[in-house]
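Same order as they appear, the protein sequences are chains Z and F.
Anchor point for the first sequence: position 38 equals 38 in the numbering used here, and the numbering is continuous, going up by one each time.
Anchor point for the second sequence: position 23 equals 134 in the numbering used here, and the numbering is continuous, going up by one each time.
By construction, the Cβ of each residue, glycine as well, lies at the ideal position given by its N, Cα and C atoms.
Everything numeric in this text was worked out from a predicted model, so none of it was measured.
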Amino acid sequence: QKEVEQNSGPLSVPEGAIASLNCTYSDRVSQSFFWYRQYSGKSPELIMSIYSNGDKEDGRFTAQLNKASQYVSLLIRDSQPSDSATYLCAVNGGSNYKLTFGKGTLLTVNP
Amino acid sequence: NAGVTQTPKFQVLKTGQSMTLQCAQDMNHNSMYWYRQDPGMGLRLIYYSASEGTTDKGEVPNGYNVSRLNKREFSLRLESAAPSQTSVYFCASRPPGTSYEQYFGPGTRLTVT
Chain Z
1 QKEVEQNSGP LSVPEGAIAS LNCTYSDRVS QSFFWYRQYS GKSPELIMSI
51 YSNGDKEDGR FTAQLNKASQ YVSLLIRDSQ PSDSATYLCA VNGGSNYKLT
101 FGKGTLLTVN P
Chain F
112 NAGVTQTPKF QVLKTGQSMT LQCAQDMNHN SMYWYRQDPG MGLRLIYYSA
162 SEGTTDKGEV PNGYNVSRLN KREFSLRLES AAPSQTSVYF CASRPPGTSY
212 EQYFGPGTRL TVT
């Protein structure tokens with residue numbers, strides 16, 4: 001059974017700080033990694049995807065992948081109250097197109 | 112493009128009643144998925160359809176059936192609803208090709224009493 005684990009949270013940071021969200025996965029053949037943001041009462045929204053080791057930056061968001069350690073993270077710089085949401089890590093592996101999701105980390109950014 | 116749409120948005124059923132949740136996408140996506148989301152359990156895959164005409168079980172298929180009506184539509188049926196099926200149900204779709212990205216509909220909040 002493929003597993004995806006996220007730091008349980010909740011995570012609280014002050015406005016303007018860096019928020020760090022972490023995720024580990026069990027399947028070594030996983031190739032594709034995603035971060036979804038889910039506001040309360042809404043559906044998950046894809047915000048980042050990463051496929052290769054290293055960093056990928058998109059605006060205030062940076063995804064980091066280390067396949068040797070089976071670890072993927074999401075950094076949010078200059079956190080804003082509008083970043084307050086649950087962040088879901090999702091991982092795909094092998095030849096099928098299913099995603100396995102972590103249980104999510106609730107982030108609160110305090111003004 | 113409306114993206115992925117789901118109906119209804121909310122539903123209350125009594126134990127033993129049946130209903131069908133509807134999902135449609137207008138993005139020409141091949142693969143479609145049904146998830147349920149429960150507090151503390153994350154998103155769990157119920158059924159998926161890799162392409163028109165095919166369906167496969169996911170992690171939690173018991174108590175559900177699906178129909179891939181055509182390329183656009185993928186429905187989820189509860190034949191005899193149980194309180195354990197109280198949940199938020201999300202439909203998602205995946206673009207054609209080798210991308211694994213999935214895009215979600217707005218969800219259906221179902222309560223079974």
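Q. Count the other CB atoms within 10 Å of the CB of residue 203 of chain F; is the residue buried (16 or more) or exposed (fewer)?
A. Within the second sequence, numbered from 1, the residue matching residue 203 of chain F stands at position 92. Classification for residue 203 of chain F: buried.
Q. Candidates Z:12, Z:5, Z:17 and Z:41: which alpha carbon is nearest residue 35 of chain Z's?
A. In the first sequence, residue 35 of chain Z corresponds to position 35, counting from 1. Comparing Cα positions, the closest option is Z:5.
Q.
Assuming residue 112 of chain Z is part of the beta strand (DSSP E), what are its boundary residues?
A. No information on residue 112 of chain Z is available, as it lies outside the stretch 1 to 111 that chain Z covers here.
Q) Which same chain residues, not among the five before or five after residue 100 of chain Z, have their C-beta less than 6 Å away from its C-beta? A) If you number the first sequence from 1, residue 100 of chain Z lands on position 100. Once the five neighbours on either side are set aside, the close Cβ partners of residue 100 of chain Z are 2, 4 and 91.
Q) Residue range of the beta strand (DSSP E) that residue 153 of chain F falls in? A) Translated into the one-based positions of the second sequence, residue 153 of chain F becomes position 42. Segment 153-160, the beta strand (DSSP E) holding residue 153 of chain F.
Q) Run through DSSP, which three-state label would residue 149 of chain F get? A) Sequence index remark: in the second sequence, residue 149 of chain F carries index 38 (1-based). Collapsing the DSSP output to three states places residue 149 of chain F in a strand.
Q. Taking DSSP as the reference, what is the three-state secondary structure of residue 245 of chain F?
A. Residue 245 of chain F cannot be examined here, being either before or after the span of chain F that is shown, 112 to 224.
Q: Classify residue 76 of chain Z as buried or exposed, calling it buried when 16 or more other Cβ atoms lie within 10 Å of its own Cβ.
A: In the first sequence, the residue the question calls residue 76 of chain Z occupies position 76. Label assigned to residue 76 of chain Z: buried.
Q) In whole angstroms, what separates the C-alpha of residue 141 of chain F from that of residue 111 of chain Z? A) For the purposes of this step, residue 141 of chain F is taken as residue 30 along the second sequence, with counting starting at 1. For the purposes of this step, residue 111 of chain Z is taken as residue 111 along the first sequence, with counting starting at 1. Residue 141 of chain F and residue 111 of chain Z have their C-alpha atoms spaced approximately 43 Å apart.
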